[in-house]
Each structure stands twice: as structure tokens, then as C-alpha cells.
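Position 1 of the sequence shown, counting from 1, maps to 1 under the working numbering, and the rest follow consecutively.
Think of the CB as a built atom: it goes at the ideal place given N, C-alpha and C, for glycine as much as any other residue.
Predicted model only: the values in this text are computed from it and were never measured.
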Amino acid sequence: PEPPFIAGLEMAGEVVEAAPGSGFAVGDRVRGGAKTGAFAEYVALPASALRHMPEGMDFRAAAAMGAAYHTAYVALVEIGGLQAGQTVLVHGASGGVGLAACDLARALGGRVIAATHREDKLEMLRAVAQPDAAILNTGRFREDIARLTDGRLCDLVFDPVGGDVFDESTRCVTFGGKLLVIGFVSGRIPEIAVNIPLIKGFSVVGVRAGEYARRFPERGEHVARAIDTLASEGQIAPHVDGKLPLTSWREAFERMERGDIVGKLVLEP
1 PEPPFIAGLE
11 MAGEVVEAAP
21 GSGFAVGDRV
31 RGGAKTGAFA
41 EYVALPASAL
51 RHMPEGMDFR
61 AAAAMGAAYH
71 TAYVALVEIG
81 GLQAGQTVLV
91 HGASGGVGLA
101 ACDLARALGG
111 RVIAATHRED
121 KLEMLRAVAQ
131 PDAAILNTGR
141 FREDIARLTD
151 GRLCDLVFDP
161 VGGDVFDEST
171 RCVTFGGKLL
181 VIGFVSGRIP
191 EIAVNIPLIK
201 GFSVVGVRAG
211 EYARRFPERG
221 EHVARAIDTL
231 ASEGQIAPHV
241 DGKLPLTSWR
251 EAFERMERGD
261 IVGKLVLEP
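Structure follows, in C-alpha cells:
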């Protein structure tokens with residue numbers, strides 16, 4: 001949007017005013033999202049943009065849960081059809097969306113291989129994401145995947161990175177598997193010769209979780225309820241790397257640009 005505007009996509013807090021029939025009451029603990037406006041003490045949102053927080057969840061975790069887990073669930077379950085025992089390769093695994101994908105895949109019985117381009121984050125990934133394996137996704141990482149899977153390769157590849165990572169990932173998908181395109185944080189939108197998925201028998205599928213929910217609102221509600229249930233049962237939980245005061249939002253963006261944040265960083269008034 002054109003400035004001036006208030007930045008911020010996701011938030012959690014307590015209802016201070018609610019319209020009759022909205023389904024919410026003063027004092028309700030809620031989480032929600034909007035295109036702008038979250039970096040503030042008070043936010044006005046339509047009831048459709050809010051959900052009651054899962055039982056036992058604190059505000060920091062609730063603020064960090066929304067888009068990341070929604071994207072991961074739509075990709076891995078709704079589109080990917082993840083089944084227990086399948087192998088999932090997650091790129092960008094130290095980021096908010098990547099960690100959510102690791103967390104969700106593990107909760108649903110998947111065998112998780114977490115991948116990052118930074119060697120200094122491998123130990124962190126092993127501790128926080130608790131994958132079955134953690135690898136560097138620089139260079140030719142197919143050999144690592146083949147070794148870790150006894151040559152079976154991966155049923156699902158979750159790729160928010162694009163670029164060279166996507167190119168090499170086309171060599172890591174098993175016959176009948178799916179390469180899930182989440183984004184292009186590498187800065188390069190890759191291309192693929194269609195004979196590769198033809199010969200290797202895998203699918204390349206784009207994932208737009210928000211658009212999925214808009215086009216299929218009943219499935220979108222199902223996704224949200226499934227995430228809430230998993231969270232309330234303690235099967236998934238977003239990793240919050242830390243907190244900063246709301247006035248330090250510039251520092252938060254600088255840390256994000258440097259790649260210093262693991263998972264999510266929360267701003268608090």
C-alpha cells in the first residue's frame with residue numbers, strides 16, 4: 001500500500017469491543033490477520049478475520065501461528081496429501097514458514113529432512129525443528145537425500161526458496177511425489193523443462209494458501225480448525241525466537257533481512 005499506513009499482518013490480543021452477533025465478546029482472547037495494521041496497540045477487524053485462540057496458548061505463540069501454519073497445512077495436507085511415514089524435505093527450515101512445515105509434518109507422522117543454506121543454523125535446526133535429519137541445501141544436495149532415504153528420495157518437497165534450490169530439488173522427488181512451490185526468497189524464479197516431471201513422474205504444484213481459502217471457504221475453515229485442534233492438543237507449537245517492543249519494529253526488520261531470526265519474532269506494545 002501507499003504510505004502512510006500501519007504495517008503488520010498477524011496479531012493476537014484481547015477483544016475490547018465487539019458488535020452484537022459477531023460471535024465474539026469483550027475479553028475474548030483472539031488471533032487474526034489482515035493486510036496491514038497489526039503493528040499497533042489496537043486493531044479494528046471484521047469478525048471473519050479473527051479466531052478464538054486455542055486453549056492454553058499464549059499471545060506470543062498465537063500471533064506467530066496464523067499464516068505460517070496455514071501455508072504449511074494447505075501445502076502438505078490439502079495439496080500434498082501427506083501420509084504418515086512419507087519423507088518430507090523442507091527448505092528454508094529455519095524461517096517461520098519452514099519451521100511450521102517441519103513441526104506439522106512431524107506431528108502428522110512424516111519423516112522430516114530440514115534444509116538450510118547456513119551451516120551455523122544446522123545445530124539449531126536439530127534442536128528446535130527436531131527433524132529426522134538436517135542438511136545444507138547448497139550445491140548438489142541430492143546425494144545427501146539419496147543417502148538419508150536409502151535411494152527412495154522424497155515424497156514431498158516444500159520449497160519457499162526457489163532458484164538453485166528448486167533446480168536441485170527436481171532431482172530429489174520420488175516417482176509420484178510432489179514438489180510444492182511456496183515462494184522464491186532466493187530472488188530467482190526458476191524454470192523447469194517439462195520432460196523432467198514427465199520422465200520422473202512427479203508433480204510441480206503451486207501453493208497459494210490464502211487464495212485456496214478464498215476459493216474453497218469450507219476447506220479453509222477445515223484447515224483453520226485442524227490447526228487449532230493440533231495446537232490445543234499440544235501436537236504443534238510455533239517457535240518464537242524472541243520479542244521486541246513495538247517501537248523497535250525497524251530492528252525486527254533488520255534482523256529478518258540478515259537472516260538472524262529463527263522462526264518468528266514478536267512485537268509487543
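Segment limits, alpha helix (DSSP H) that includes residue i
i	result
Leu122	122 to 128
His222	217 to 232
Phe175	Here Phe175 belongs to no alpha helix (DSSP H); instead the beta strand (DSSP E) covers 173 to 181.
Met53	Met53 -> no alpha helix (DSSP H), and no H or E assigned at all.
Arg106	96 to 107
Ala134	It is not in any alpha helix (DSSP H) - Ala134 instead sits in the beta strand (DSSP E) that spans 133 to 136.
Val77	Run containing Val77: none; DSSP gives neither H nor E here.
Arg111	First-last for Arg111: 111 to 116, but that is the beta strand (DSSP E), not the alpha helix (DSSP H).
Check whether residue i and residue j have beta carbons under 7 angstroms apart
i	j	result
Val88	Ala105	yes
Gly80	Lys178	yes
Glu10	Ala63	yes
Ala49	Ala34	yes
Ala107	Ile236	yes
Phe59	Ala7	no
Val266	Lys243	yes
Ala101	Ala72	yes
Cβ neighbour criterion (16 or more within 10 Å) applied to residue i
i	result
Met31	Contrary to the premise, residue 31 reads as Arg rather than Met in this sequence. It counts as buried.
Phe166	buried
Asn195	exposed
Thr36	exposed
Pro3	exposed
Phe158	buried
Thr174	buried
beta-carbon residue i near the ligand FMN non-hydrogen atom, thresh 6 angstroms
i	result
Gly163	Of ligands this structure carries none, so the ligand FMN is not represented either.
Min CB distance residue i to chain D below 7 angstroms
i	result
Ala127	In summary, chain D is missing from the structure at hand, where a single protein chain is found.
For residue i, the first and last residue of its enclosing beta strand (DSSP E)
i	result
Gly37	Element bounds for Gly37: n/a, residue is neither H nor E.
Thr71	Segment 59 to 73 is the alpha helix (DSSP H) holding Thr71; no beta strand (DSSP E) there.
Phe158	154 to 159
Val266	264 to 268
Glu251	Looking at the DSSP string, Glu251 is not in any beta strand (DSSP E); the run it does join, the alpha helix (DSSP H), is 249 to 258.
Distance between beta carbons of residue j and residue i, contact taken as under 8 angstroms
i	j	result
Ile182	Ala84	Rounded, the Cβ-Cβ distance is 22 angstroms, inconsistent with contact.
Val90	Ala68	So it is not a contact: roughly 12 angstroms between Cβ atoms.
Arg142	Arg171	4 angstroms
Ala270	His70	Outside the shown range of the chain, which is 1 to 269, sits residue 270, and nothing can be said about it.
Gly139	Gly163	Wrong, their Cβ atoms sit about 13 angstroms apart, outside the cutoff.
Q. Pairing CB atoms from the stretch 106 to 122 with CB atoms from the stretch 40 to 49, are three or more of them under 8 angstroms?
A. no
**Asked** Pairing CB atoms from the stretch 244 to 264 with CB atoms from the stretch 218 to 227, are three or more of them under 8 angstroms?
**Response** no
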